[in-house]
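First the structure, in the form of structure tokens, and then the observations on it.
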Amino acid sequence: MTVTFAAPRIEKTVSPDGSIVVRSVEPLEECSRTVYDDFCAGAAAHADRVLVAEKSADGDWNRVTWGAMLVRVEALARGLVRARAADGRAADAPIMVLSHNSIAHMTVTLAAYAVGMPVVPVSVAYSLQSDDHAKLTSLVAQADPGVVFAESEDYRAALEAVAAGRTVLSATPIALDGATTIESFSVADGPLPPRPTLDSVGKIMFTSGSTGNPKGVLNTHRMMAVNQQQMRQVWPFLNEEPPILLDWLPWSHTFGGNHNMNMVLTNGGSLWIDDGRPAPTMIGRTVTNLRDVSPTVYFNVPAGYAALVPILERDPDAAKGFFADLRLAFYAAAALPQGIWDALAALADQYGGRAQMTTSWGMTETAPAATTTHFPTSSASSIGVPLPGVDAKLAPVGEKLELRVRGPNITPGFYGRPELLAEKLDEDGFLRTGDACRLIDDDDPRRGLCFDGRIAEDFKLATGTFVSVGTLRPQLLSACGGMVSDAVICGHDSDAVTALIWLHPDHAARQHDGVPDDDLRADLVQALGSLAVGAGSSQRVERLLILTEPAQLDAGELTDKGYVNQARVRARRTDLVAEIGAAEPGPRVVCRLSAYAGA
């Protein structure tokens, strides 16, 4: 099957204050069913189809069909109803999930939907990569869950920090007083409560905190269902072929937990849980899994593609498996360097792939997609056009245009913080996002919007020139041709732009304690030179410094979806920022020129 997109039908209006409003004139079809309703209908229509699969310890796949999942979900739902009645807590007390992506995690999520308990999925890092569990205890204090689910004994230390006075469930036995396995807790027979309404809260999703403190975003069943309807209208191929996903993206984040999981549940698909990650020690697992599963739609973040592309380029068997059934390769959560886009397109051509590359823009508050590139393009800069039912405003903020959105997939508020929504809405009811955007073509809004950086991340040089971090970073990565896996742009109030970089694992041996060998230094200088051609002071990077310590998730430098918090890295590594800008650069600093103005 060839992917077909719905042709974008977009109109643009300009307000007297200079704001630009872009919207789809395609009517949004009415949405009358929740994602849970779609799941139940799917379990009846194709009970024997694989819904979800995960790798077992021996390397085999454990599979659960749609029909078998419904049996599990309803049994657990009866147990939750019984426990809620005995506990006396409010009927809408949340259930918190401490788990990686798993069959049990999906079971708990769907069972919570069935009984009207909001699900609070929590980043695995808060449980397994923290010494004091401070972030986890803070989220528990905010959400006050009645039930806490933990996957396995690995989560016992986290449970000990938050389980007091709460019902504790697990997938496998945990050595903690009062903990009960799902199997023991479930009830085989008995009545079920009415299904959730569209306007009831399905999830409380805490933001990753990449640009601020985590907030509990209310995700209603209407938001999630409407967002899937919006996607079906612009991706009509979802109605023609159930999507098959091999996916690692964490369900604690809206990309994996809403966009991807809900797409499978709504469209009768299959979700194979990838136990790999875009990290040097784990990307091999993804490649192994691709030998077992050929996805039809593949979702990843730019860091994931950056880790995967070099392997596909040198492993023909892996590349053939990846492109065998692939219809669509999708990225989101950060800007994709054009060089990675071009490399994927070249690989698809080489191995006869039919996949198209595409992207969208969204956030936790939009459930998540608000724009999508549902038209052919060869540029990684486009974030697409508004989905049906979404109005996008580009409002002047300083020297940029802030993207603001309004529509039926926007959150009604924040858990326990009713005042926050009013603060985030502008006078016309648009949600302020903090992201800057511009039209690719002022005369043709159908060509889409272009991401122009996060306003809070941008800074000025000493000359008063603004540096757009969100656009310069992917340009630097592309110029480095795969040598660099990520970068933090620096230079606030200085005379030139500099950058802290992490080398790609394939090139890590070319440095020692952050000092590049002569060949690597020459290659990096050449990359900086190519980036500087025709560029002004804010669009070129004058110096690099190689980081040897990975970005630390527990320190707030990295989110669980792989996005590097630029401001947090600069604040935590002030000594390195100072070193890269020193008047006399040391041996770890790579300079485009022997000196630059003001050095």
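According to full-length UniProt numbering, the sequence shown is numbered sequentially starting from 1.
Each residue gets a CB set at the ideal place from its N, CA and C atoms; glycine is no exception.
None of the values given here were measured: they were computed from a predicted structure.
At what residues does the beta strand (DSSP E) containing residue i begin and finish?
i	result
Thr65	61-65
Cys490	484-490
Asn219	216-220
Val122	119-122
Ile204	201-206
Glu402	400-406
Gly556	First-last for Gly556: undefined, no H or E at that position.
Trp235	No beta strand (DSSP E) contains Trp235, which DSSP labels as neither H nor E.
Val148	147-150
Arg454	449-454
Tyr331	328-331
Measure the beta-carbon distance from residue i to residue j and round it to whole angstroms, keeping in mind my assumption that it falls under 8 Å.
i	j	result
residue 600	Ala150	Residue numbering for the chain in the displayed model covers 1 to 599; residue 600 lies beyond these limits and cannot be assessed.
Ser130	Leu387	The pair is not a contact, with the Cβ atoms about 36 Å apart (cut-off 8 Å).
Thr371	Ser379	Not confirmed; about 15 Å, so no contact.
Leu245	Pro295	6 Å
Ala306	Ser485	6 Å
Thr34	Met69	That pair is no contact at about 16 Å.
Near residue i, which residues of its chain fall below 6 Å by C-beta distance, leaving aside the five closest residues on each side in sequence?
i	result
Thr364	Met205, Thr207, Val217, Thr254
Arg588	Gly514, Val515, Leu545
Ala93	Gly146
Cys480	Ala527
Arg406	Asp391, Gly429, Phe430
Pro408	Val226, Gly389
Ser170	Ala150, Ala179, Thr181
Gly190	Arg78
What three-state label does DSSP hand residue i in the structure shown?
i	result
Leu192	coil
Trp341	helix
Met357	strand
Phe375	coil
Phe5	coil
Tyr298	strand
Ala43	helix
Gly284	helix
Leu593	coil
Lys55	strand
Phe430	coil
Ile20	strand
Glu11	strand
Thr109	helix
Met96	strand
Asp48	coil
His507	helix
Leu128	helix
Ile501	strand
Thr211	Confidence in Thr211 is poor, its pLDDT being 48 and thus under 50, which makes the residue's placement unreliable; the coordinate value appears in the next sentence. Thr211 falls in the coil class under three-state DSSP.
Arg473	helix
Ser102	coil
Val35	helix
Gly79	helix
Ala370	strand
Ile174	coil
Arg543	strand
Leu249	coil
Ala334	coil
Considering only residues of the same chain and omitting the five flanking positions on each side of residue i, which have a CB-CB separation below 7 Å?
i	result
Tyr113	Tyr36, Pro196, Gly202
Asn62	Ala53, Glu54, Ser56, Ile103
Gln475	Leu531
Ala47	Thr65, Trp66, Gly67
Gln539	Leu472
Val14	Ile20
Asp87	Gly146, Thr167
Between which two residues does the alpha helix (DSSP H) harbouring residue i extend?
i	result
Leu265	261-267
Arg323	In the sequence under discussion, the amino acid at residue 323 is Phe, which differs from the Arg named in the question. 316-323 is the extent of the alpha helix (DSSP H) around Phe323.
Val140	134-143
Val397	First-last for Val397: 391-397, but that is the beta strand (DSSP E), not the alpha helix (DSSP H).
Arg166	First-last for Arg166: undefined, no H or E at that position.
Val577	574-580
Arg521	518-532
Phe414	Premise fails: Phe414 is in no alpha helix (DSSP H) and is neither H nor E.
Ser184	182-185
Pro386	Not the alpha helix (DSSP H): Pro386 falls in the beta strand (DSSP E), residues 382-386.
For residue i, collect the residues of the same chain with a Cβ closer than 8 Å to its Cβ; drop the 5 residues on either side in sequence, then sort them by chain order.
i	result
residue 636	What is shown of the chain runs 1 to 599, which leaves residue 636 out entirely.
Arg417	Lys215, Gly216
**Study point:** Cβ pair count under 8 Å reaching 3, the segment 454-469 against the segment 492-506
**Key:** yes
**Study point:** Any 3 or more C-beta pairs closer than 8 Å across the segment 10-30 and the segment 441-455
**Key:** yes
**Study point:** Stretch-stretch touch, CB-based, cutoff 8 Å, three pairs: the segment 272-285 with the segment 381-400
**Key:** no
Exercise for review: Flag this pair as touching only if the segment 348-359 and the segment 267-282 have three or more C-beta atom pairs under 8 Å; answer yes or no.
Suggested key: no
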